[in-house]
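Data first, discussion second: the structure below is written as structure tokens.
There are 2 protein chains.
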Amino acid sequence: METRVDGRLVRGDQTRRLVLRKAVDIASVDGLEGLSIGRLAKELDVSKSGVFAHFGSKEELQLATIRAARRIYADAVVQPAFAVEPGLGRVWAMSESWLEYSRRRVFPGGCFFAKASHEYGARRGPVHDYLAEVNQEWMQLVEQTISEAIERGELEADPGQLAFELNAFYDSANMASLLRDNDDTVYERARQSIRARLEAAAAGTALPW
Amino acid sequence: METRVDGRLVRGDQTRRLVLRKAVDIASVDGLEGLSIGRLAKELDVSKSGVFAHFGSKEELQLATIRAARRIYADAVVQPAFAVEPGLGRVWAMSESWLEYSRRRVFPGGCFFAKASHEYGARRGPVHDYLAEVNQEWMQLVEQTISEAIERGELEADPGQLAFELNAFYDSANMASLLRDNDDTVYERARQSIRARLEAAAAGTALPW
DNA sequence: AAACTGTACGAACGATCGTATTATTAGTTT
DNA sequence: AAACTAATAATACGATCGTTCGTACAGTTT
Numbered sequence: 001m002e003t004r005v006d007g008r009l010v011r012g013d014q015t016r017r018l019v020l021r022k023a024v025d026i027a028s029v030d031g032l033e034g035l036s037i038g039r040l041a042k043e044l045d046v047s048k049s050g051v052f053a054h055f056g057s058k059e060e061l062q063l064a065t066i067r068a069a070r071r072i073y074a075d076a077v078v079q080p081a082f083a084v085e086p087g088l089g090r091v092w093a094m095s096e097s098w099l100e101y102s103r104r105r106v107f108p109g110g111c112f113f114a115k116a117s118h119e120y121g122a123r124r125g126p127v128h129d130y131l132a133e134v135n136q137e138w139m140q141l142v143e144q145t146i147s148e149a150i151e152r153g154e155l156e157a158d159p160g161q162l163a164f165e166l167n168a169f170y171d172s173a174n175m176a177s178l179l180r181d182n183d184d185t186v187y188e189r190a191r192q193s194i195r196a197r198l199e200a201a202a203a204g205t206a207l208p209w
Numbered sequence: 001m002e003t004r005v006d007g008r009l010v011r012g013d014q015t016r017r018l019v020l021r022k023a024v025d026i027a028s029v030d031g032l033e034g035l036s037i038g039r040l041a042k043e044l045d046v047s048k049s050g051v052f053a054h055f056g057s058k059e060e061l062q063l064a065t066i067r068a069a070r071r072i073y074a075d076a077v078v079q080p081a082f083a084v085e086p087g088l089g090r091v092w093a094m095s096e097s098w099l100e101y102s103r104r105r106v107f108p109g110g111c112f113f114a115k116a117s118h119e120y121g122a123r124r125g126p127v128h129d130y131l132a133e134v135n136q137e138w139m140q141l142v143e144q145t146i147s148e149a150i151e152r153g154e155l156e157a158d159p160g161q162l163a164f165e166l167n168a169f170y171d172s173a174n175m176a177s178l179l180r181d182n183d184d185t186v187y188e189r190a191r192q193s194i195r196a197r198l199e200a201a202a203a204g205t206a207l208p209w
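These protein sequence lines map, in sequence, to chains A and C. First residue of the first sequence: 1, per the UniProt record's numbering; consecutive thereafter. First residue of the second sequence: 1, per the UniProt record's numbering; consecutive thereafter.
Below is the structure:
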């Protein structure tokens, strides 16, 4: 059976996609609050009410923007790591892809989630809650990846503790690079810290670097 | 010779202080952009133009707010550490005072500078530049504190590298605590990471914990 | 007491914010 | 071809933004 497509819905989906791609870029620089409907409309040369109609409220636009950013993040960071088989190699691959994700400015303002999480960390409401959820999801992913390496006897560590430390190195490199106007050397520094930490926890496997 | 005080200037200084104390609190939650002159005036029950006159522009208000936050930060974090004599003990004291500074919510929105630096990290202008300057100043302080411990033979490490790592643990604990709605356990996790890292670098001195 | 200075206020400005209402246009279904 | 639906647009709303202006007043200097 052939699926009949409604041209109107297709068009709506396309502009929605267009809007969200611009939205994540704006938000990564000026924040989810600085992301305004009027500005979005002007930069895309569409009507303000047209943009608004797609989301119904600013908050819904913000939530949709986070969802869009999450997909981009998954493609840029998680997927490359999962192309490597589980174990220490994948832990290392994830670290590499994260640092590259920040350095390459997949979002022009650096890591979208570091930015948004700081912006909404101390506020209440659905945006905060969703960001907290995504963060927890991410931290669990890191922890699980580490756990797999431990199960294979390639690492000896407290998974939660090591996940905290690696993630700390990621975020810190990201912020330092932003403050120092795209100074790339901080990524080498972070890579060094990650490597040393993993070497200290490595249990006699061939190191992946 | 006795210094003659101008009552008008005294009054001006007091309100300026009042405004800035409120300003850092607002900014630590809603950001330096969310910090609006109108809101400041309303919450302090003074006139909008009165607040404005003190700074001349929003950007000047933001810069003054950062300066005020810097003083509070110096009192809460740096001073307690400098009460301890140089060396590993001071490195540890600084870590303790930092985590307490975040946990106690000296600023209601957590670390003022983590928040502001993320907000302005990807923008250009005087606010970004000043935040970068304060950050560099802070990182140098951490590095120097570590260097003193190395000179005394209490640590063996690359000072810049270790400073990066400790600071990463500070900031990460701060952000995690915000996202998890003031969950205090993350500070214990950070403390554990710091302790382990310092133990690994310690060179046969009595450990300060 | 008069002249001056610094602080604070009230009112208004143009711009932009999020949102609501109403109309127009493109595409589907009958 | 008519009826209907979904996406987009045009316009306007009250609220708030940063900023400007003119003024009232407290305090200092002459």
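Think of the CB as a built atom: it goes at the ideal place given N, C-alpha and C, for glycine as much as any other residue.
Relative to Ile66 (chain C), the option among C:Ile146, C:Phe82, C:Asp13, C:Lys22 whose CA is nearest is C:Lys22. Within chain A, the residues Ala122 have their CB atoms less than 9 Å from the CB of Pro108 (chain C), given in chain order. When DSSP states are grouped into helix, strand and coil, Ala149 (chain A) belongs to the helix group. Interface annotation, Leu179 (chain C): in contact with chain A, CB-CB separation under 8 Å.
When beta bridges are read from the DSSP output, Ala202 (chain A) appears opposite A:Leu155. Spatial neighbours of Val134 (chain C) in its own chain (CB-CB distance under 8 Å, excluding positions within 5 residues in sequence) are listed in chain order as Ile66, Arg70, Phe113. Two segments are said to touch when three or more pairs of C-beta atoms, one from each, lie closer than 8 Å; by this definition the stretch 17 to 36 of chain C does not touch the stretch 185 to 201 of chain A. Three or more pairs of CB atoms, one per stretch, sit closer than 8 Å, so the stretch 131 to 150 of chain A contacts the stretch 86 to 95 of chain A.
Around the beta-carbon of Val106 (chain C), 16 or more other beta-carbon atoms lie within 10 Å, marking it buried.
At a beta-carbon threshold of 7 Å, the residues of chain A lying near Ser193 (chain C) are Gln161, Phe164, Glu165, ordered along the chain. If you look at Gly89 (chain A), you'll find it in the alpha helix (DSSP H) that goes 88 to 103. Val19 (chain C) has its alpha-carbon roughly 7 Å from the corresponding atom of Leu40 (chain C). In chain order, Met175, Leu178, Leu179 make up the part of chain A whose C-beta sits under 8 Å from the C-beta of Ser117 (chain C). Here Gln136 (chain C) is exposed, its C-beta having fewer than 16 other C-beta atoms within 10 Å. With a cut-off of 8 Å on Cβ pairs, the stretch 118 to 133 of chain A is not in contact with the stretch 7 to 18 of chain C, counting fewer than three such pairs. Scanning chain A for C-beta atoms nearer than 7 Å to the C-beta of Ala69 (chain C) yields nothing, as the closest lies near 14 Å away. When CB distances to chain A are screened at a threshold of 8 Å, the residues of the UniProt domain "HTH tetR-type" (13 to 73) of chain C falling below it are Ser28, Val29, Asp30, Gly31, Glu33, Gly34, in chain order. With the rule of 3 Cβ pairs closer than 8 Å, the stretch 96 to 103 of chain C counts as touching the stretch 170 to 183 of chain C. Taking a contact as a CB-CB distance under 8 Å, the pair Lys115 (chain C) and His118 (chain A) counts as one, their CB atoms being some 5 Å apart.
Look at Val29 (chain C) here: in three-state DSSP terms it is helix. For Leu44 (chain A), the uninterrupted alpha helix (DSSP H) segment begins and ends at 37 to 44. In the structure shown, the three-state DSSP call for Ala114 (chain A) is helix. Within chain A, the residues Leu179, Arg180, Asp181 have their CB atoms less than 8 Å from the CB of Ala132 (chain C), given in chain order. Contacts with chain A at 8 Å (Cβ-Cβ) do not include Phe82 (chain C). Burial state of Trp98 (chain A) is buried, judged by a 10 Å Cβ sphere holding 16 or more other Cβ atoms.
By the neighbour-count definition (other C-beta atoms within 10 Å, threshold 16), Asp30 (chain A) is a buried residue.
Put simply, the CB of Ala168 (chain A) is near chain C, with a gap under 8 Å to one of its CB atoms. Around Gly160 (chain A), the same chain offers Glu143 as residues with beta carbons nearer than 8 Å, after the five sequence neighbours per side are excluded. Inclusion of Ala168 (chain C) and Ala168 (chain A) in the CB contact set at 8 Å is warranted, their separation being smaller than that value.
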